[in-house]
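Residue numbers (the working numbering): 7 to 357.
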């Protein structure tokens, strides 16, 4: 049997794919760019072109598919119900969905589909920490408006739970709240990062409004910025409560934040370096600021559009507003490849 994974190269989708392949499942991965995805996903994966926000183009993709994984992302609220309808009509009999922070149109369509379904309700992603990379590299500083505890969950644990729900019986009609094994404040996360990287990292509080302005300056709409920052200001009990769902479903403890940091330490240790006219390496703040400006402006000017430009000096794309309680994990930074990839910047020492 075949499992179709939408958003297969995304923050959680790639982990779903990896876990399904590890368990011997035939995986069909839906991606906008199969050629680019070929180097990021296991060789056994069947790559197909398309997007879950255009379900009218996916009839052939559903051929032979019995299981489906959906991640609620931007634009899916409108297209999601049709995606579910076409999938069920084509023969899909089991669906997992990573929610967008609430039971919206997609989640409701899955629950009303008439087939077996499992809803995954992860709290804050550990990968939100990637949003600190620039300030840590350049200044050794993290600026955030709040220092509240959060039960962060590793994206690989979300993928593991999804794979179990897709392949094993006993999970139909369940909504799984997913967290990591511990509550951590931003300061505590920074301390773990500092120990792993061997450098001092300071926490600098900013105001609620400054946090909103920081997001809008990157192209996020004010409404989406207020939603994301507001979620941290008024986080509810599930986001501050550790549960053992990951262990109950997968049979092993959830990964810790220290484990996540160990997988990404090099990302935080690297600093942008640019040769001066005399040949020496400089890290002057004005050079770093110019590098960041080029990273966001040059690719857009060259592409001639505001879409998904391919940057030259970074492996991240422009922010994409994603209206979800997990939005900052998706809209602040999206890696264009897996950690340790072979593609390098045209300047500097970071991968």
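We put the beta carbon where it would ideally sit given N, CA and C, even for glycine.
Residue range of the beta strand (DSSP E) that includes residue i
{"i": "residue 147", "result": "147–150"}
{"i": "residue 102", "result": "100–104"}
Secondary structure of residue i, DSSP reduced to three states
{"i": "residue 39", "result": "coil"}
{"i": "residue 123", "result": "strand"}
{"i": "residue 9", "result": "strand"}
{"i": "residue 111", "result": "helix"}
{"i": "residue 58", "result": "coil"}
{"i": "residue 241", "result": "coil"}
{"i": "residue 87", "result": "helix"}
{"i": "residue 71", "result": "strand"}
{"i": "residue 4", "result": "Outside the shown range of the chain, which is 7 to 357, sits residue 4, and nothing can be said about it."}
{"i": "residue 79", "result": "coil"}
{"i": "residue 258", "result": "coil"}
{"i": "residue 34", "result": "strand"}
Sub-8 Å separation of residue i and residue j beta-carbons
{"i": "residue 256", "j": "residue 182", "result": "no"}
{"i": "residue 9", "j": "residue 172", "result": "yes"}
{"i": "residue 166", "j": "residue 75", "result": "no"}
{"i": "residue 47", "j": "residue 23", "result": "yes"}
{"i": "residue 163", "j": "residue 244", "result": "no"}
{"i": "residue 37", "j": "residue 49", "result": "no"}
Pairwise C-alpha distance: residue j and residue i
{"i": "residue 197", "j": "residue 233", "result": "27 Å"}
{"i": "residue 66", "j": "residue 133", "result": "34 Å"}
{"i": "residue 137", "j": "residue 150", "result": "11 Å"}
{"i": "residue 311", "j": "residue 59", "result": "Low per-residue confidence applies at residue 311: pLDDT is 33, beneath 50, and the placement is therefore not dependable enough to give any value."}
{"i": "residue 154", "j": "residue 70", "result": "46 Å"}
{"i": "residue 57", "j": "residue 241", "result": "31 Å"}
{"i": "residue 12", "j": "residue 263", "result": "26 Å"}
{"i": "residue 268", "j": "residue 120", "result": "42 Å"}
{"i": "residue 279", "j": "residue 143", "result": "At residue 279, the pLDDT of 48 sits below 50, so the modelled position is not reliable; the number obtained from the coordinates is stated separately. C-alpha separation (whole angstroms): 10 Å."}
{"i": "residue 309", "j": "residue 16", "result": "Interpretation of residue 309 is limited by its pLDDT of 31, a score under 50 that renders its predicted location unreliable; the figure taken from the coordinates is listed afterwards. Spanning the two alpha carbons is a distance of roughly 23 Å."}
{"i": "residue 139", "j": "residue 177", "result": "37 Å"}
{"i": "residue 93", "j": "residue 111", "result": "16 Å"}
{"i": "residue 301", "j": "residue 141", "result": "Below a pLDDT of 50, predicted positions are generally treated as unreliable, and residue 301, at 35, falls in that range; the measurement from the model is reported next regardless. Their Cα atoms are separated by approximately 15 Å."}
{"i": "residue 175", "j": "residue 227", "result": "42 Å"}
{"i": "residue 239", "j": "residue 152", "result": "7 Å"}
{"i": "residue 147", "j": "residue 193", "result": "11 Å"}
For residue i, the first and last residue of its enclosing alpha helix (DSSP H)
{"i": "residue 20", "result": "19–28"}
{"i": "residue 246", "result": "Taken as a continuous stretch (DSSP letters only), residue 246 belongs to no alpha helix (DSSP H), as it is neither H nor E."}
{"i": "residue 273", "result": "263–275"}
Segments assigned alpha helix (DSSP H), at least 4 residues, entirely inside the segment 154–226: 161–173, 192–203, 214–222
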